[in-house]
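In this text, residue positions in the first sequence follow our numbering: the first is 6, and each later residue adds one.
C-beta atoms are modelled at their ideal positions from N, C-alpha and C, and glycine is treated no differently.
See structure below.
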Amino acid sequence: MNILPALKSRFRSALAGLLEDRAEIEKSLDLIRRSQDAKFGDYQANVAMPLGKKLGKPPREVAANIIERLDIADLCQTPEIAGPGFINLRVKDEWLVERLTAAVRDDRLGVPQVEKPRTYVVDYSAPNVAKPMHVGHIRSTVIGDALCRTLKFLGHNAIGDNHIGDWGTQFGMILYGYKNFLDREAYRENPVEELARLYKLVRKIVDDEKTQAVVADRESTEAKVLRETAKLHAGDAENRRLWEEFLPACEDEINRVYGRLNVTFDHALGESFYEDRLAAVVEELLKKGLARESDGAICVFFKDEKGEEEKVPMIVRKQDGAFLYATTDLATIRYRMETWSPDAILYVVDHRQGMHFKHLFAAARMLGYENLELEHVSFGTVLSDDGKPFKTRSGETVGLEILLDEAVRRAGEIVAANDDAKSGGPELSPERRAEIAEIVGIGALKYADLSQNRTSDYVFSYDKMLAMNGNTATYMQYAYARVRSIFAKGNTDVEAMRVSGVKISLAHPAERALAMEILRFSEALELAVFDYRPNQLTSYLFELANRYFTFYENCHVLNAETDELRQSRLLLCDLTARTIRKGLELLGIRVVEKM
RNA sequence: GCGCCCGUAGCUCAAUGGAUAGAGCAGCGGAUUUCUAAUCCGCUGGUUGUGGGUUCGAGUCCCGCCGGGCGUACCA
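Pasting the structure below:
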């Protein structure tokens with residue numbers, strides 16, 4: 006058992022004599038946390054202050070009562086009462102050593118599987134296949150993938166589903182463009198590029214018409230686009246044939262990007278998959294009296310807090326009979342419930358769609374999905390350094406691959422410069438350098454996003470993400486490579502060492518601090534999953550790498566005073582390397598042995 | 001207008017209602033016959049936009065104000 010659960014277990018027993026209500030006890034246990042400052046010990050229990058009020062006693066007295074009942078001597082040194090009633094706890098070194106020894110031989114590094122696995126559907130990335138992926142897809146893709154991996158590692162049944170946009174208006178744009186502006190030669194050579202050009206062209210025409218006075222007796226391009234979409238949805242043979250022709254090429258394109266990003270999905274059930282389930286959703290809403298016709302559209306209206314009807318409804322069928330993403334999303338919830346009956350569905354989608362999800366979730370509850378946790382895991386916008394949404398100088402959105410290429414190019418420069426500067430001369434071949442640059446560059450891009458609190462906007466900067474200092478993937482990958490190089494230099498048989506039964510020593514404060522952090526890995530994972538914030542994991546890894554380097558400066562490994570100490574420190578190195586590697590793996594970031 | 005989100009060090013950002021609000025960058029000062037210095041150690045830097053309230057305790061919760069972003073009926 007890890008530190009925090011162990012502490013909670015002891016406090017649970019101690020509090021049982023003081024409090025009747027089990028729920029109250031569990032609530033109190035949440036107030037046991039890691040100390041912010043080492044001088045207050047390793048962990049602190051803040052339970053006595055609120056309890057003091059409830060029991061009508063001074064908090065310090067309550068704290069003393071709790072300590073009296075606490076059976077913790079094997080785990081901690083004598084608890085101390087401080088300030089208004091904090092209980093400070095310092096874990097015994099013997100206990101840490103015991104846990105570390107267990108972790109050394111454990112593939113999971115001592116991280117337990119959850120006792121009650123839940124089933125999660127994680128809905129992330131969801132690009133429109135009709136247009137190339139761009140900067141706006143990074144966050145959803147990267148955060149969703151990391152959450153999915155972490156949930157799985159903790160023992161949950163997590164299902165990653167890429168709800169790709171393969172059925173909406175954007176296909177109407179392409180169909181219209183194909184029929185009116187196609188460059189056959191270009192299409193034959195690179196269909197995806199030509200379709201992307203057509204999409205942008207039609208999009209521009211539609212947008213331009215909106216700012217100009219449209220000639221009244223002429224149908225707008227937007228209307229023509231919508232008609233192509235409607236024809237596709239109605240089963241028009243030609244549009245259907247074109248759709249089937251376009252789709253595979255578009256999918257190959259996005260899959261190539263996922264390959265580079267090291268992102269995977271369990272399913273990729275796009276909007277078109279739900280095509281024949283949409284009408285039934287609308288019918289059910291009508292039948293149950295949840296939806297009604299308004300201005301020719303079928304709408305679900307919601308009540309606000311005062312019980313008054315909100316002005317803006319959720320439209321599930323348009324005047325022209327076409328369905329919208331609200332309809333698709335409802336059909337998708339139903340399908341997911343029928344197929345996987347999940348406990349939760351997480352939508353990793355940017356914050357601007359907040360109202361859509363508020364409506365969607367309300368509608369889902371009205372349809373009877375009341376025990377299903379529906380979560381909009383929202384995130385902010387990617388900005389450039391002028392504080393405005395990240396665009397090219399001409400105002401266009403930036404293609405995702407251009408970003409990847411530039412990050413990799415810059416990483417390549419850094420890798421080459423470092424290798425050239427090595428005291429023994431360069432040790433990496435040009436091919437190896439290129440492989441490392443790809444891993445470092447893409448890792449930097451992903452980590453920069455994941456290390457940010459997802460709810461806020463963030464400023465995109467190559468310099469920041471590839472910085473060699475600070476909370477970056479580069480720093481973490483470097484720490485990993487440094488640890489691994491010790492094994493290479495020392496000709497260490499790591500596998501043999503793990504089963505050798507060497508006793509780990511924590512005599513030096515830097516050793517102990519590192520050990521403590523290694524054992525906190527599962528805590529960090531639980532925090533990351535608790536409110537779906539991978540930055541909890543990156544913060545942990547940064548702290549771990551920091552403590553490793555402090556250890557590295559203070560505690561010589563290969564030239565340790567005795568062989569036992571050398572073995573002990575090698576084990577700490579091994580645990581550090583494995584924890585960094587596993588942590589980065591859960592973020593979808595790879596490591597290299599040399600850089 | 002209404003709704004949602006945000007405002008923390010010069011800059012970029014952390015901080016499940018807990019002790020003296022933390023990092024990185026930038027600035028200043030140290031450490032290298034190196035286990036890869038892409039490192040480490042120290043210093044400087046704050047009325048957490050603002051005014052109230054709740055609480056033993058507020059950056060965090062509630063209300064007002066100021067400033068910013070986003071959304072607001074047939075795109076997603």
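Measuring alpha carbon to alpha carbon, tell me which of the options ends up nearest residue i.
i	options	result
Y524	S14, E443, A19 and V96	The question names Tyr, yet the displayed sequence has Leu at residue 524. Of S14, E443, A19 and V96, the residue nearest in Cα terms is V96.
L290	A302, L372 and G46	L372
L591	L156, W248 and D128	L156
A512	E569, A501 and E528	E569
S18	A368, E73 and T497	E73
S33	E198, L12 and K44	L12
G173	I320, L329 and N93	L329
Y537	Y352, G61 and A484	Y352
E310	V321, A367 and G301	A367
T555	A515, N564 and G61	A515
D26	N51, K59 and M54	K59
Y4	D188, I37, G417 and D325	Not covered by the structure: residue 4. The range shown for the chain is 6 to 600.
V287	G495, H161 and D334	D334
Y480	G446, K121 and A135	G446
D128	V134, D166, R110 and A135	D166
F278	G294, R357 and I169	I169
R586	E566, T497 and A484	A484
Might you give, ordered along the chain, the residues of its own chain that have their beta carbon closer than 6 Å to the beta carbon of residue i, omitting 5 neighbours on each side?
i	result
G547	Here residue 547 is Phe; the residue named in the question, Gly, does not match the sequence. Excluding sequence neighbours, F547 sits near N476.
R602	In the structure as shown, the chain starts at 6 and stops at 600, and residue 602 therefore has no counterpart that could be examined.
D150	V268 and G593
Are there 16 or more other CB atoms within 10 angstroms of the CB of residue i, so buried, or fewer, so exposed?
i	result
P132	buried
G448	buried
E227	buried
D462	exposed
M600	buried
D112	exposed
D42	exposed
Q118	exposed
F492	buried
T397	exposed
Q482	buried
Q324	exposed
V317	exposed
K292	exposed
Please work out which residues of its chain come closer than 8 Å, Cβ to Cβ, to residue i, disregarding the five sequence neighbours upstream and downstream, and give them in chain order.
i	result
S505	Q572
M502	Q572, L575, L576 and D579
By how many angstroms is the C-alpha of residue j removed from the C-alpha of residue i?
i	j	result
A533	I143	19 Å
A331	D579	50 Å
F270	I259	12 Å
T584	E432	26 Å
A582	R517	16 Å
R123	P89	39 Å
A108	V116	8 Å
L577	R65	38 Å
Y204	L409	23 Å
D171	S130	13 Å
W100	D79	7 Å
K451	R437	21 Å
I509	Y553	16 Å
N474	L589	17 Å
G61	P10	29 Å
E214	V207	11 Å
L252	R245	11 Å
E31	I71	15 Å
Excluding the five sequence neighbours on either side, which residues of its own chain have a C-beta within less than 7 Å of the C-beta of residue i, listed in chain order?
i	result
D390	V464 and S466
E406	V262
R489	A582 and E598
E314	F306 and K308
K601	Since the first residue of the chain shown is 6 and the last is 600, residue 601 is not available in this structure.
L455	V147, I148, A151, P539, N540, T543 and L592
R297	C304
E522	E548, L549 and R552
G22	R74
With residue i and residue j assumed to form a contact (beta carbons below 8 Å), what rounded beta-carbon distance in angstroms separates them?
i	j	result
Y183	A349	About 40 Å; that fails the 8 Å criterion.
E443	V413	5 Å
G141	T460	Actually they do not touch by this definition, with Cβ atoms about 16 Å apart.
A336	L274	No, A336 and L274 are not in contact; Cβ-Cβ is about 11 Å, not under 8 Å.
L231	W248	Going by Cβ atoms, the distance from L231 to W248 rounds to 16 Å, so no, they are not a contact pair.
R15	I92	Wrong, their Cβ atoms sit about 11 Å apart, outside the cutoff.
F176	A135	5 Å
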